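Taking it in order: structure first as structure tokens, then the write-up.
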Amino acid sequence: MRDYLNFRKMITPFVLQVLFWVFVVIVELTGFSQIIAGLFTQNGSIEMVLIGILTVLAGPLFIRIYCELLIVIFSINNTLLDIRSELRKKQLPANQTELHGDLAASEYNSMHQPPSSL
């Protein structure tokens, strides 16, 4: 709970999944109502039926693409947090240098330097 209050844990990806399904239902109902209106009303036309079919087929696809674009932002955030966590694991703790002096830091640095090119 504390992570949510401090914005360390994001709730938007979950909310986006819920909103995706809500919008899919709305788009499908809209498309079917256009098809029915095009078939059974005096002002209906074949164009209205075709737009309804297009809405039923393409609407959920466009909603999905939009939601995925938003979720990519949060995936990037999670990846950056993972990278930061891994980098912190690899770094020498500050108190270890204080306990062992400069010798520990120099040993650590010599062990973690990339090999020199020949």
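Position 83, counted from 1, in the sequence shown is what the numbering used here calls 370; the numbers after and before it change by one each time, with no gaps.
Glycine is no exception: its CB is placed at the ideal position from the N, C-alpha and C atoms.
Since this is a predicted model, take the numbers as computed values, not measurements.
Applying the criterion that 16 or more other CB atoms from any shown protein chain within 10 Å of the CB defines a buried residue, is Q378 buried or exposed? Stepping through the sequence shown from its first residue, residue 378 is reached at position 91. Note on Q378: under 16 other CB atoms within 10 angstroms of its CB, so exposed under the neighbour-count rule.
Where Q329 and G346 are concerned, what is the direct C-alpha to C-alpha distance, given to the nearest angstrom?
-> Along the sequence shown, one-based indexing puts residue 329 at 42. Along the sequence shown, one-based indexing puts residue 346 at 59. Computed Cα separation, rounded: 26 Å.
Under a Cβ-count criterion, where at least 16 other Cβ atoms within 10 Å of its own Cβ denotes burial, should T342 be classed as buried or exposed? Position 55 of the sequence shown, counted from the first residue, corresponds to residue 342. That one is buried.
- prompt: Which word fits I370, buried or exposed, when buried means at least 16 other C-beta atoms lie within 10 angstroms of its C-beta?
  reply: Against the sequence shown, residue 370 aligns to sequence position 83. By the neighbour-count rule (16 or more Cβ atoms within 10 Å), I370 is not buried but exposed.
| field | Inter-residue CB distance, G339 and I333 (contact presumed, cutoff 8 Å) | value | Here residue 339 refers to the residue found at position 52 of the sequence shown. Here residue 333 refers to the residue found at position 46 of the sequence shown. Distance from G339 to I333 at the Cβ level is roughly 10 Å; contact not present, criterion being Cβ atoms closer than 8 Å.
Q) Where does M297 fall in DSSP's three states? A) Within the sequence shown, the letter at position 10 stands for residue 297. In the displayed model, M297 falls within coil according to three-state DSSP, outside both helix and strand.
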